[in-house]
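Undergrad: Residue numbers (the working numbering), protein chains in the order written: chain A, 1 to 168; chain B, 1 to 300; chain C, 1 to 199; chain D, 1 to 667.
From the three backbone atoms N, C-alpha and C, an ideal C-beta is built for every residue, glycine too.
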Ligand SMILES: Cc1cc2nc3c(=O)[nH]c(=O)nc-3n(C[C@H](O)[C@H](O)[C@H](O)COP(=O)(O)OP(=O)(O)OC[C@H]3O[C@@H](n4cnc5c(N)ncnc54)[C@H](O)[C@@H]3O)c2cc1C
Ligand SMILES: Cc1cc2nc3c(=O)[nH]c(=O)nc-3n(C[C@H](O)[C@H](O)[C@H](O)COP(=O)(O)OP(=O)(O)OC[C@H]3O[C@@H](n4cnc5c(N)ncnc54)[C@H](O)[C@@H]3O)c2cc1C
Ligand code: SF4
Ligand code: SF4
Ligand code: SF4
Ligand code: SF4
Ligand code: SF4
Ligand code: SF4
Ligand code: SF4
Ligand code: SF4
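1. Given that a residue counts as buried once 16 or more other Cβ atoms are within 10 Å of its Cβ, and exposed if not, what is residue 224 of chain B?
2. Check whether the Cβ of residue 611 of chain D lies closer than 9 Å to any Cβ atom in chain A.
3. To be precise: take each residue of the segment 15 to 42 of chain B, compare its Cβ to all Cβ atoms of chain C, and keep it if any distance is under 9 Å. Which residues remain?
4. Looking only at DSSP bridge pairs, what is residue 528 of chain D linked to?
5. List the whole-angstrom C-beta distance separating residue 284 of chain D from residue 296 of chain D, where the pair is believed to meet the contact cut-off of C-beta under 8 Å.
6. So within the segment 49 to 107 of chain D, which uninterrupted beta strand (DSSP E) runs reach at least 3 residues, ignoring any that extend past its ends?
7. Would you call the segment 174 to 188 of chain B and the segment 264 to 282 of chain B touching, i.e. three or more CB-CB distances under 8 Å?
8. Among C:24, C:37 and C:47, which has the Cα closest to the Cα of residue 499 of chain D?
9. Using a C-beta cutoff of 9 Å, does residue 239 of chain B count as contacting chain D?
10. Could you tell me the alpha carbon to alpha carbon distance between residue 224 of chain D and residue 352 of chain D, rounded to whole angstroms?
11. Name the two residues that bound the continuous beta strand (DSSP E) containing residue 400 of chain D.
12. Answer yes if the segment 78 to 86 of chain A comes into contact with the segment 37 to 48 of chain A, meaning at least three C-beta pairs across the two stretches below 8 Å, and no otherwise.
13. Indicate whether residue 188 of chain D and residue 160 of chain D have their beta-carbon atoms separated by less than 9 Å.
14. Less than 8 Å between the CB atoms is what I'm expecting for residue 510 of chain D and residue 349 of chain D, so what's the real figure, rounded?
15. Report the option in D:415, D:559, D:197 and D:250 whose CA atom is closest to the CA atom of residue 442 of chain D.
16. Using DSSP's beta-bridge definition, name the partner residues of residue 647 of chain D.
17. Could you tell me the distance, in whole angstroms, from the CA atom of residue 10 of chain C to the CA atom of residue 16 of chain C?
18. In angstroms with no decimal places, state the Cα-to-Cα distance between residue 559 of chain D and residue 367 of chain D.
19. Whether or not the segment 422 to 435 of chain D and the segment 194 to 209 of chain D are in contact is what I'm after, with contact meaning three or more pairs of Cβ atoms, one per stretch, closer than 8 Å; do they touch?
20. Quick test of your reading: residue 153 of chain D and residue 227 of chain D, contact by CB under 8 Å. State the CB separation rounded to the nearest angstrom.
21. Could you tell me the distance, in whole angstroms, from the CA atom of residue 264 of chain D to the CA atom of residue 185 of chain D?
22. Would you please verify whether the beta carbon of residue 355 of chain D is less than 9 Å from any beta carbon of chain B?
23. Looking at the unbroken alpha helix (DSSP H) that takes in residue 259 of chain D, where does it start and where does it end?
24. Got a sec: which bits of the segment 266 to 295 of chain D sit with their beta carbon under 7 Å from any beta carbon on chain A, in order along the chain?
25. If you draw a straight line from the alpha carbon of residue 451 of chain D to that of residue 249 of chain D, how long is it in whole angstroms?
26. Would the beta-carbon of residue 490 of chain D fall within 9 Å of that of residue 339 of chain D?
27. Taking only beta carbons into account, state which residues of the segment 183 to 207 of chain B come closer than 8 Å to chain F, listed in chain order.
28. Out of B:51, B:6 and B:123, point me to the one whose CA is closest to residue 38 of chain B's CA.
29. Bridge partners of residue 110 of chain D, per DSSP?
30. Which whole-angstrom value is the C-beta distance of residue 614 of chain D and residue 627 of chain D, which I expect to be below 8 Å?
31. Would DSSP call residue 504 of chain D helix, strand or coil?
32. Let's test the definition: count the other Cβ atoms within 10 Å of the Cβ of residue 169 of chain C and tell me whether it reaches 16, buried, or not, exposed.
33. Quick one: does residue 187 of chain C have its CB under 9 Å from some CB of chain D?
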């Protein structure tokens with residue numbers, strides 16, 4: 001979706017959303033949505049990771065900096081992680097990072113974490129459609145300044161919560 | 001907790017005894033309530049057949065008025081004793097939430113008339129409030145003349161439990177039976193607790209409506225009931241007013257008082273017959289009880 | 001279709017209204033009708049199905065198939081007492097009672113309901129009374145209904161009315177709300193919005 | 001690996017292969033446009049469009065191009081990698097490249113099948129291809145590790161599925177552990193008298209199999225046991241089994257039942273689980289005569305000794321073998337296995353949930369499982385069909401689809417109840433001559449000999465009423481209905497509501513996943529469908545595999561099915577497990593974490609993050625040390641490493657960044 005001049009409806013803003021889906025659940029669920037022929041908004045590009053625990057906050061920053069209007073993470077339901085607790089860690093990072101994004105002026109709707117199990121193809125559809133609409137309503141992401149923070153600090157903070165933090 | 005009381009049209013007419021007994025019981029239970037100021041028709045079923053949106057708008061006006069009246073309350077509890085009102089108000093609420101188009105239209109119409117419905121409303125049936133808010137313990141503690149030996153067939157009717165299963169089962173509810181037992185009565189075990197009484201059909205396709213009511217009365221009587229307890233003015237009317245014609249038409253012999261469950265509560269609390277509107281019944285309670293040992297204090 | 005006696009029982013595809021089912025499905029509460037598996041639970045549960053010309057199940061099937069004329073002129077839709085039994089029992093979660101409302105509204109709109117059939121008349125009387133007074137007074141309602149449909153029947157009913165009156169259960173005074181103006185303008189406003197939407 | 005080094009130096013030659021998948025992709029995505037676009041991307045030297053890329057000619061096309069165009073990177077845009085990644089990696093390897101110099105793009109499941117608009121679908125496919133082309137450049141040559149496999153197999157659940165799988169594997173000469181939760185194996189099938197459609201006697205076909213399980217030298221049978229913990233991975237699982245105390249020394253008990261007779265309870269007093277409560281047992285009991293192992297057990301909840309400590313212990317007195325041991329404790333066993341088969345079966349729907357049918361209200365309303373026991377020659381009535389009041393029913397209604405095909409309970413069809421309802425109708429008719437009414441929505445009899453069975457029943461004069469029952473009441477309208485159960489339903493074929501009075505009602509309850517399916521699923525790290533059935537890897541192509549390598553599923557735990565299908569699946573699962581343990585080794589995906597030694601600051605952050613304790617600290621060199629054998633490749637540690645020293649193969653930061661950039665700015 002580069003130059004939307006070609007789209008039939010060139011005026012309409014088409015959000016670009018990068019999704020990081022866990023191989024075991026949400027990626028499979030997205031496959032299931034496909035085999036079930038569930039139609040959803042074409043605005044999401046899915047990147048496969050082995051576990052939501054692999055989701056590095058820097059990927060999110062990178063995505064926003066490179067023009068994404070939203071970032072979606074899909075992981076297994078609490079208790080179902082293929083690697084025991086990667087999704088808990090993802091959640092803790094997500095919660096902390098969400099508040100950081102707020103400081104950067106990025107609305108919370110633009111960064112979303114969802115638990116979607118391998119059998120929930122319909123949830124993939126629902127979440128993607130919902131998120132696309134929400135971001136469409138928000139309009140394109142305008143980064144006033146490229147988020148500048150010392151990656152290392154965040155990293156340590158996040159690692160800290162990763163170990164100590166309580167889920168929810 | 002404070003409640004808003006929404007009587008609805010029937011409780012001012014054929015269902016007057018319901019209003020009288022509901023209010024008497026409210027007082028006995030020391031329930032805090034206010035009548036909804038300038039309430040209008042709930043939008044009732046028949047109205048809905050013509051124009052659903054207008055029906056829901058009528059309901060929404062009541063909801064908006066209630067929110068205004070209890071502006072400082074986080075959740076506004078409206079007690080609607082008539083099952084039809086209870087359902088229509090609740091249905092309007094559901095439709096406003098579920099169908100955004102209906103919700104939007106009604107909200108903007110309200111706005112034009114300087115009203116607003118925020119969604120703070122919880123519609124309650126008095127049975128729900130009595131059993132779940134006040135509790136059987138307290139209800140029991142106030143009994144002064146237990147309904148010993150009285151065999152009550154609790155009749156819940158349709159709309160209190162369907163389609164929204166708010167506080168009891170949609171097919172085999174038990175709340176009213178529990179309440180009756182708390183008053184000292186015996187709950188008759190029967191399987192027609194929620195079968196339709198014919199609703200407004202008694203007024204339109206009379207034979208059919210009467211037939212449905214007859215089935216209920218006949219079965220309750222067969223199962224040994226001395227009285228059938230109702231929770232809706234239309235049910236009560238149907239079950240009571242046609243017993244003579246029914247017997248002629250269907251070659252039956254039903255003779256069973258149909259009282260509001262609140263009247264039975266009032267009796268157990270020793271409230272006077274007149275206060276409970278017992279004199280307004282067509283089939284007097286005495287017709288059954290005088291034959292019964294154990295329960296004697298009704299003298300209408 | 002010629003009649004119910006089995007003559008001429010064939011329906012030509014060209015006599016159907018294929019869009020009818022979709023239209024009803026699009027009205028609030030109608031959304032699941034295409035999931036109906038014709039199991040008959042609705043009709044089995046319906047306390048009135050034995051008096052109906054078509055059972056609720058058949059109405060759903062006919063609606064879906066586009067038998068618009070038969071459905072709208074059926075007595076069934078007026079006989080439904082709104083007990084919601086079918087709705088809570090349906091294994092496909094079809095809101096059958098609400099579908100009946102949608103069909104009633106449609107029938108009234110198209111003016112095809114059975115003449116002198118009391119239910120639509122009751123509904124109309126009701127509508128008028130509320131529009132005027134904000135509440136309905138049962139006695140007035142009954143009088144006006146019988147006047148329109150079957151004045152003769154009034155005589156048999158008046159006995160009951162008398163009894164009710166004697167028991168203090170039938171007012172003669174019209175019950176009314178204070179702020180009738182606001183109610184009427186509210187109803188008008190919603191009507192306007194609705195019509196605006198339709199065009 | 002010197003050949004790869006040159007290519008890593010930057011001289012990339014990439015081939016992009018875009019698949020039509022018949023019309024599955026080409027029907028929505030403009031495949032030629034995607035291929036053409038790919039050709040414009042830097043370093044892409046050849047692009048192709050082909051009808052079926054995974055077919056032999058498709059793979060050959062890739063291999064020829066690798067040679068002809070001296071490709072050193074391959075991108076295939078087709079279906080989900082979960083489907084064909086292995087296929088194309090193999091093709092890449094066979095062309096002489098390292099198989100990880102390949103990247104797959106999912107433009108079917110994630111694009112063509114889910115997108116409405118053709119233009120937007122094509123654009124999305126282009127973005128994904130662009131990302132893969134960028135990513136594949138930073139791929140590194142990797143070696144997949146091969147580890148030896150433990151040849152033993154664990155089977156969980158001893159129903160017909162578990163029994164059949166265990167025997168098949170044991171007969172192939174491998175060692176099997178069969179773990180069953182109940183005191184005996186046999187599962188549901190052991191409760192039946194006859195099985196459809198052939199009406200062969202369930203016991204006659206099942207009990208010989210049960211005894212061979214017990215007797216087989218390769219099978220270790222642990223009943224009354226549960227899985228407590230599972231560790232490891234395909235080929236090398238470590239499993240802890242909890243053995244519940246039965247207060248009987250299993251090795252010593254010969255199943256003579258003397259103790260049962262001697263027990264101070266003269267009559268059975270407690271609900272008999274095997275007869276689903278239709279009869280009573282004592283505190284010490286044999287679940288049923290053919291129970292395997294043939295060993296009694298004591299229920300501490302009801303035994304006087306356990307409850308009061310004051311029993312005369314007649315049971316102990318009479319047991320000459322001294323097999324009773326009140327001090328038995330829970331025991332844990334740890335075993336190592338290479339593959340696991342789950343065969344935990346199902347539970348029946350609890351009809352209390354549909355109060356319209358009066359189960360638990362009217363005593364003569366039964367579930368089908370109760371009737372299976374009633375018609376069973378070894379059941380509580382020796383096969384006589386008697387109701388709770390001792391009468392023989394003169395009329396019986398069988399209600400189909402109870403708890404099935406109903407969005408309020410279970411939306412799916414339970415698949416076996418039509419057939420078992422026919423079976424029960426036949427058996428009851430045969431034994432009582434009663435009038436039988438089957439109430440069905442649709443009669444589902446797809447199977448060999450099944451429709452013929454239905455036809456037989458029709459001829460036997462069983463009534464079939466097409467209509468889902470609305471309610472069962474005791475409300476009589478006419479004299480003939482007095483004291484009967486009245487079934488109210490519409491006969492939809494006639495279009496009339498009917499009331500049929502009967503003596504007995506049978507609810508054909510559906511099949512449901514066990515309540516603890518979620519826990520079992522977590523224990524074994526597999527997935528469940530929404531309804532709780534274990535999820536197969538692919539419904540057609542991998543029906544007994546799960547997404548977790550080395551763990552297979554068989555029987556009704558995967559979804560409702562009858563015995564023939566259960567056994568077929570059990571055989572398939574056994575074959576898959578055998579195939580795996582027989583090769584002797586498994587290839588591991590090299591997506592493990594590793595550390596760039598020079599960059600590691602020794603901060604130890606990563607160490608506590610690893611759920612598998614794969615990282616240790618090397619104090620001498622002051623750095624983290626990664627154990628690839630223990631690492632399962634989640635990548636969590638990588639995220640927390642502040643220096644970027646920790647990386648995950650196949651998902652390095654570089655690879656991820658390239659992919660992110662790729663999807664976002666492809667032109
Ligand atoms: C009333 C009825 C009648 C039927 N009649 C027929 C028929 O006539 N013909 C036919 O082909 N099919 C029939 N079926 C279907 C048949 O029962 C199933 O196909 C068959 O039982 C499936 O076998 P299974 O081994 O997969 O499951 P099950 O028989 O359920 O066995 C599973 C076993 O696993 C054990 N288990 C469960 N969880 C655990 C755990 N966590 N750890 C250890 N062990 C566990 C259970 O205790 C059980 O022993 C009928 C079903 C019903 C309900
Ligand atoms: C119209 C139709 C649509 C279907 N759609 C679906 C569907 O959507 N989903 C689904 O799950 N199932 C579907 N099926 C069923 C599906 O086709 C079968 O389940 C499946 O094909 C069975 O595979 P098979 O290998 O057993 O048999 P086959 O596909 O028949 O293969 C048997 C092979 O053996 C060869 N052969 C035969 N005799 C000999 C011999 N003597 N010597 C050597 N070779 C021999 C044949 O040439 C053939 O290649 C459908 C069936 C039909 C008819
Ligand atoms: S109950 Fe529901 S599914 Fe069954 S026939 Fe009626 S509408 Fe259709
Ligand atoms: S709501 Fe109407 S159609 Fe449905 S069961 Fe009741 S009377 Fe019958
Ligand atoms: S415990 Fe002893 S007496 Fe009882 S069955 Fe076993 S061997 Fe026989
Ligand atoms: S200890 Fe007593 S109650 Fe328990 S099994 Fe032995 S004899 Fe029976
Ligand atoms: S197999 Fe038959 S009885 Fe069972 S759910 Fe399916 S249709 Fe209903
Ligand atoms: S023969 Fe085929 S089409 Fe007919 S019922 Fe069986 S599966 Fe369906
Ligand atoms: S990738 Fe996961 S399993 Fe491997 S070392 Fe890192 S945290 Fe441990
Ligand atoms: S987190 Fe990184 S730097 Fe710290 S010990 Fe682990 S690998 Fe080394």
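TA: Short version:
1. exposed
2. yes
3. 15, 16, 17, 37, 38, 39, 40 and 41
4. D:534
5. 6 Å
6. 73 to 78 and 102 to 106
7. yes
8. C:47
9. no
10. 28 Å
11. 395 to 402
12. no
13. yes
14. 4 Å
15. D:415
16. D:594
17. 12 Å
18. 20 Å
19. yes
20. That belief does not hold up - the Cβ atoms of residue 153 of chain D and residue 227 of chain D are roughly 14 Å apart, past 8 Å.
21. 28 Å
22. yes
23. 258 to 262
24. none
25. 49 Å
26. no
27. This model lacks chain F altogether; the protein chains it does include are A, B, C and D.
28. B:6
29. Answer by DSSP bridge pairing: none, since residue 110 of chain D is not bridged.
30. 5 Å
31. strand
32. buried
33. no
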